[in-house]
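Residue numbers (the UniProt record's numbering), protein chains in the order written: chain A, 1 to 354; chain B, 1 to 354.
Even for Gly, the Cβ is constructed at its ideal location relative to N, Cα and C.
Model, not experiment: these values are computed from the prediction.
Inspection log for the structure reproduced underneath, given as structure tokens.
Number of protein chains: 2
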Amino acid sequence: MGVRRFSRILPVTKPPVHDPRRTLTLRDVSEASGVSEMTVSRVLRNRGDVSVATRERVLEAARSLGYVPNKIAGALASQRVNLVGVVIPSLSNMVFPEVLAGISETLEDTGLQPVVGVTNYSPEREETVIYEMLSWRPSGMIVAGLEHTEAARAMLAQAGIPIVEIMDIDGEAVDSAVGISHRRAGRQMAEAIIASGYRRIAFLGTMMPHDHRARKRLQGFEEALAKAGLTLADQEFYSGGSALLKGREMTEAVLKRSPDIDFLYYSNDMIGAGGLLYCLAQGIDVPGKIGLAGFNGVELLDGLPRRLATMDACRLEIGRRAAEIIAGKHAGTIGGEVIELFPTLQAGDTIRRA
Amino acid sequence: MGVRRFSRILPVTKPPVHDPRRTLTLRDVSEASGVSEMTVSRVLRNRGDVSVATRERVLEAARSLGYVPNKIAGALASQRVNLVGVVIPSLSNMVFPEVLAGISETLEDTGLQPVVGVTNYSPEREETVIYEMLSWRPSGMIVAGLEHTEAARAMLAQAGIPIVEIMDIDGEAVDSAVGISHRRAGRQMAEAIIASGYRRIAFLGTMMPHDHRARKRLQGFEEALAKAGLTLADQEFYSGGSALLKGREMTEAVLKRSPDIDFLYYSNDMIGAGGLLYCLAQGIDVPGKIGLAGFNGVELLDGLPRRLATMDACRLEIGRRAAEIIAGKHAGTIGGEVIELFPTLQAGDTIRRA
DNA sequence: GTGAAAGCGCTAACAC
DNA sequence: GTGTTAGCGCTTTCAC
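Shown next, in the form of structure tokens:
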């Protein structure tokens with residue numbers, strides 16, 4: 001962004017607010033209310049029987065002092081931490097916020113709180129994030145993907161808490177897993193495309209060595225092509241920048257280079273949307289002359305002039321199921337669960353009816 | 001999403017992995033290495049002088065055991081927590097992930113870690129999130145917006161740590177603040193629009209009673225209109241659903257209802273983009289017959305057939321500055337800073353040149 | 001360069 | 001129903 005910015009520091013109009021004074025403790029509430037620390041603790045946690053009178057006195061004291069319990073001390077003493085670590089590669093891909101939404105929603109009435117860590121698709125960064133999270137002794141961990149460093153896998157396996165790897169099931173899980181088979185998804189899309197009569201098929205995707213799920217989709221896609229005696233007619237990769245714009249640019253590049261292409265398979269909906277806008281602007285007959293498909297089923301597609309073919313990645317459901325496993329809602333099981341979800345192919349308006 | 005899904009639970013192929021055994025402690029490392037707990041602690045924190053030999057022995061023991069330090073105990077003992085609470089209204093509005101990126105980037109080499117909480121634009125939820133976060137005794141808090149419940153303000157003020165309210169500076173900050181004046185932003189956009197000769201101006205926005213910043217922009221916008229002797233010719237509000245789609249629908253509704261409208265001001269870029277796509281599809285002369293403008297400067301706009309006029313909200317910069325304040329990089333100040341950033345108006349291709 | 005003792009602020013377990 | 005005691009696993013401080 002080559003945008004110039006100006007800033008000024010306004011004069012301080014009031015005294016500094018955060019004098020690092022000692023924060024309040026149970027003892028303070030105890031003294032203010034004339035009730036023992038232990039009973040104060042009970043009131044504040046709604047544990048055990050406390051007379052209404054004492055309870056009121058304690059709550060009043062706590063409220064008027066502005067007491068906020070120290071969970072660090074509480075967690076150390078009780079050996080319980082109401083935190084669930086969630087490790088994802090990115091927040092700018094809307095897929096992950098949606099998974100998070102599913103997790104939060106399900107965790108809401110369990111007293112558990114998700115804590116998010118972002119890895120930017122870097123295995124080393126992931127290892128660090130996992131280490132940092134485990135050092136807070138969370139009640140469970142939800143980690144995107146099945147591919148981790150040796151050390152990360154070892155730490156997770158050692159942690160003694162439920163671990164759920166999400167999004168993908170094509171591989172070996174540390175403990176539990178909830179996701180779809182991306183390889184199968186790629187295969188299915190290829191089969192649908194071939195069945196609709198397309199033959200000169202190109203792939204356009206991200207150049208991210210660590211996006212294993214995109215890689216597996218492409219792999220499955222090529223497997224199905226091979227079974228039909230086909231190979232990819234062209235490929236184009238990108239990294240960084242506005243996905244929508246990259247989609248336009250890559251599409252233009254591919255169509256200029258290989259004018260006889262009749263199908264464009266994108267590794268995600270955002271670049272697919274860019275490609276769709278480009279084709280429409282060029283007056284290309286979609287899906288007559290050229291068909292298009294993406295992956296993810298993102299909400300954005302609803303607003304486009306034509307509905308891009310895609311596959312729903314079951315994001316919300318994945319989040320929910322993973323959270324349920326952590327919350328121990330699957331009675332009778334103690335880890336080791338693998339839940340496969342099955343995405344639906346939405347043909348939209350960019351694949352010819354077979 | 002009316003998508004059917006199927007799932008099955010695959011048979012467990014391996015023994016459950018997370019038997020909740022006791023996790024390792026410093027003592028375990030101490031015993032395994034034959035070095036005192038204290039020295040082990042020093043090695044693991046790189047504190048004080050330790051002989052190379054002992055250091056090696058300790059690290060080897062820790063590594064082979066797979067020891068992960070317990071930060072809960074560490075934090076309690078040292079009274080230091082390397083966490084920074086970040087409270088934002090939403091993750092699905094790309095604005096906030098970008099602010100987060102700025103925060104993470106700046107915090108990276110300070111040893112501080114951001115922990116994110118999401119409020120869904122609910123003041124009560126915000127109060128809860130703030131309470132929960134403060135109970136972990138973070139080193140600082142970054143909170144979106146200046147409007148909070150009484151209790152939330154009180155807690156923040158009491159916490160004894162640096163508090164930075166971000167995004168907005170039109171109001172009273174608890175401690176420090178970094179943001180732009182949304183009222184001024186609305187005013188500026190209105191002035192630009194009027195200067196370009198538009199007169200029949202409509203507003204299209206979210207119906208979110210707690211989106212104070214959108215409200216302030218509209219307010220500033222109307223002020224500037226009034227100064228020019230104008231009032232809004234029409235308005236339309238929405239909530240929920242795909243913003244891009246809503247943008248199309250709202251635009252259609254407004255243009256049908258008020259055919260003489262010559263400008264559409266959107267409260268965010270996403271609905272603005274939907275409106276733009278609608279106008280282009282209808283063959284409306286943009287910006288000749290109708291002008292359009294949004295707010296935020298989102299990356300997505302780069303991929304659209306035409307560049308929507310917008311104002312950059314300085315998201316990355318806001319994140320960076322806020323993090324710098326928390327990290328204590330503004331030497332000589334102890335809170336109470338207010339940093340105003342000045343967004344740039346990007347006229348794009350959807351406002352007539354004056 | 002290394003170790004021993006005390007205690008961070010809470011809660012589990014038990015007494016009364 | 002309420003209080004007392006003993007830690008939780010580290011780090012601080014001070015001694016050696």
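Under DSSP, the alpha helix (DSSP H) around residue i begins and ends at which residues?
i	result
S41 of chain B	37-45
A322 of chain B	315-326
R269 of chain B	The sequence given here places Asp at residue 269 of chain B; Arg does not occur at that position. Note, D269 of chain B: alpha helix (DSSP H), 269-281.
L255 of chain B	243-257
D28 of chain A	26-33
F221 of chain B	212-227
Y67 of chain A	Counting along the chain, Y67 of chain A falls outside any alpha helix (DSSP H), and DSSP gives it neither H nor E.
L134 of chain A	123-134
G102 of chain A	95-107
residue 360 of chain A	This structure cannot speak to residue 360 of chain A, because chain A is shown only from 1 to 354.
For my contact list, residue i and residue j are in at a C-beta cut-off of 8 Å; report their separation, rounded to the angstrom.
i	j	result
A154 of chain B	G66 of chain A	6 Å
G275 of chain A	L244 of chain B	In fact, because the Cβ distance is near 16 Å, the residues do not count as touching under 8 Å.
A202 of chain B	L225 of chain B	That pair is no contact at about 11 Å.
G291 of chain A	R200 of chain A	The Cβ separation is near 10 Å, so there is no contact.
G179 of chain B	I169 of chain B	5 Å
A214 of chain B	S267 of chain B	5 Å
A192 of chain A	L345 of chain A	6 Å
Within 10 Å of its beta-carbon, does residue i have 16 or more other beta-carbons around it, so buried, or fewer, so exposed?
i	result
S239 of chain A	exposed
M38 of chain A	exposed
G34 of chain B	exposed
N70 of chain B	buried
N296 of chain A	buried
V143 of chain B	buried
A207 of chain B	It is Met, not Ala, that sits at residue 207 of chain B in the sequence shown. Classification for M207 of chain B: exposed.
Q188 of chain A	buried
L255 of chain A	buried
V211 of chain A	The sequence as given places Asp at residue 211 of chain A; Val does not occur at that position. By the 10 Å Cβ count, D211 of chain A comes out buried.
G2 of chain B	Confidence at G2 of chain B is low in this model, with a pLDDT of 34, below 50, so the placement of that residue should be treated as unreliable; the coordinate-derived value is given next. Result: exposed.
N46 of chain B	exposed
T13 of chain B	In this prediction, T13 of chain B scores a pLDDT of 37, lower than 50, which makes its location untrustworthy; the coordinate-derived value is nonetheless stated afterwards. Exposed, since its Cβ has fewer than 16 Cβ neighbours within 10 Å.
S242 of chain B	buried
D269 of chain B	buried
A159 of chain B	buried
G102 of chain B	buried
A77 of chain B	exposed
residue 359 of chain B	Chain B is shown from 1 up to 354; residue 359 of chain B falls before or after that span and cannot be answered.
E288 of chain A	Looking at the sequence shown, residue 288 of chain A is not Glu but Gly. It is exposed - the Cβ of G288 of chain A has fewer than 16 other Cβ atoms within 10 Å.
G117 of chain B	buried
Looking at residue j and residue i, is the spacing between their C-beta atoms short of 8 Å?
i	j	result
P138 of chain B	V84 of chain B	yes
D175 of chain B	G335 of chain B	yes
V95 of chain B	A313 of chain B	yes
R320 of chain B	E105 of chain B	yes
A75 of chain B	I161 of chain A	no
E324 of chain B	L341 of chain B	no
E165 of chain B	G145 of chain B	yes
V87 of chain A	V129 of chain A	yes
V43 of chain B	V58 of chain B	yes
G186 of chain B	F237 of chain B	no
T251 of chain B	A293 of chain B	no
L134 of chain A	I326 of chain A	no
R257 of chain B	D285 of chain B	no
V81 of chain A	W136 of chain A	yes
What first and last residue would you give for the beta strand (DSSP E) that runs through residue i?
i	result
A202 of chain B	201-206
S176 of chain A	176-180
Q79 of chain A	Where Q79 of chain A is concerned, there is no enclosing beta strand (DSSP E), given that its DSSP letter is neither H nor E.
A144 of chain B	140-144
I163 of chain A	163-168
E236 of chain B	234-238
Mind listing which residues of the UniProt domain "HTH lacI-type" (24-78) of chain B have their C-beta closer than 7 Å to chain A's C-betas, in chain order?
Here the close residues are G66, V68, P69, N70, K71, I72, A73, A75, L76.
Using a Cβ-Cβ cut-off of less than 7 Å, list which residues of the region 236-266 of chain B approach chain A; keep chain order.
Of all residues in the region 236-266 of chain B, S242, L244, L245, G247, R248 have a Cβ within less than 7 Å of some Cβ in chain A.
Contacting positions in the region 212-233 of chain B - beta carbon closer than 8 Å to chain A:
Hits within the stretch: zero.
Of all the residues that make up the region 148-177 of chain A, which are near chain B by a beta-carbon distance shorter than 8 Å?
From the region 148-177 of chain A, only A154, M155, A157, Q158, A159, G160, I161, P162, I163, V174, D175 have a Cβ closer than 8 Å to chain B.
Please list, in chain order, the residues of the region 92-103 of chain A that have any C-beta partner in chain B closer than 9 Å.
Of all residues in the region 92-103 of chain A, only S92, M94, F96, P97, E98, L100, A101 come within less than 9 Å of chain B when Cβ atoms are compared, listed by chain position.
Could you please tell me which residues of the region 110-126 of chain B, in chain order, have their CB closer than 8 Å to any CB of chain A?
Across the region 110-126 of chain B, CB contacts with chain A closer than 8 Å involve Q113, V115, V116, V118, in sequence order along the chain.
Tell me which residues of the region 275-287 of chain B have at least one Cβ-Cβ distance to chain A shorter than 7 Å, keeping chain order.
Correct list: L277, A281.
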